[in-house]
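Numbering (my numbering), first residue to last: 1381 to 1548.
Since the structure comes first, as structure tokens, the remarks are kept for the end.
Have a look at this one:
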């Protein structure tokens, strides 16, 4: 690969970012604008639809944010502990941490010179989240446990009602 060409592209991306142009990420095919200062992702075509990153979980290594994403509504899906079926249109999303999402804004937040920081953490040209199947989350186990509890409750309820009839 041509190093000079890469340096030129890196310089162009740095110039754009330092002039206030925010980076973008594709989440399950939808373009979102990354605003690290506000810790949110805004759907580019519908900026009022924002995903807050303030309470997102991270993977064990701290390299990625993980969240359930409703592909139909383009927003975070909030976990229901009483779930008895896997939700339709919901996937597990994995997106990079701030060092890759917006290294320029991360440098400002950390009090580091952005020009030096982006030498170690270059501003990416294109970003896309990784869609992970729900089978890689704990949701299938939770659904199975909830269904088992419901079934036990039904069986206990029918035994109780049958026992009550015999006592009359």
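Note that the Cβ used here is the ideal one computed from N, Cα and C, for glycine as well.
Asked	Found
Beta bridge counterpart(s) of residue 1510 as assigned by DSSP	1474
Integer-rounded CB distance, given that residue 1451 should sit under 8 Å from residue 1523	Incorrect: roughly 19 Å between the Cβ atoms, too far for contact.
C-beta contact flag for residue 1474 and residue 1444 at 8 Å	yes
Anticipated Cβ contact below 8 Å, residue 1404 with residue 1410, distance rounded	Between residue 1410 and residue 1404 the Cβ distance is about 10 Å, and since that is not below 8 Å, they are no contact.
Given residue 1505 as reference, the closest of 1515, 1492, 1481 once Cα atoms are compared	1481
Per-residue DSSP class, three states only, for residue 1460	coil
Contact set for residue 1424: own chain, Cβ-Cβ below 7 Å, skip 5 residues either direction	1404, 1411, 1412, 1413
Residue 1485: first and last residue of the uninterrupted alpha helix (DSSP H) it sits in	1483-1490
Nonlocal neighbours in the same chain, by C-beta distance under 8 Å from residue 1520, ignoring five residues either side	1466, 1514
Host alpha helix (DSSP H) of residue 1497 (start-end)	1494-1500
Cβ neighbour criterion (16 or more within 10 Å) applied to residue 1509	buried
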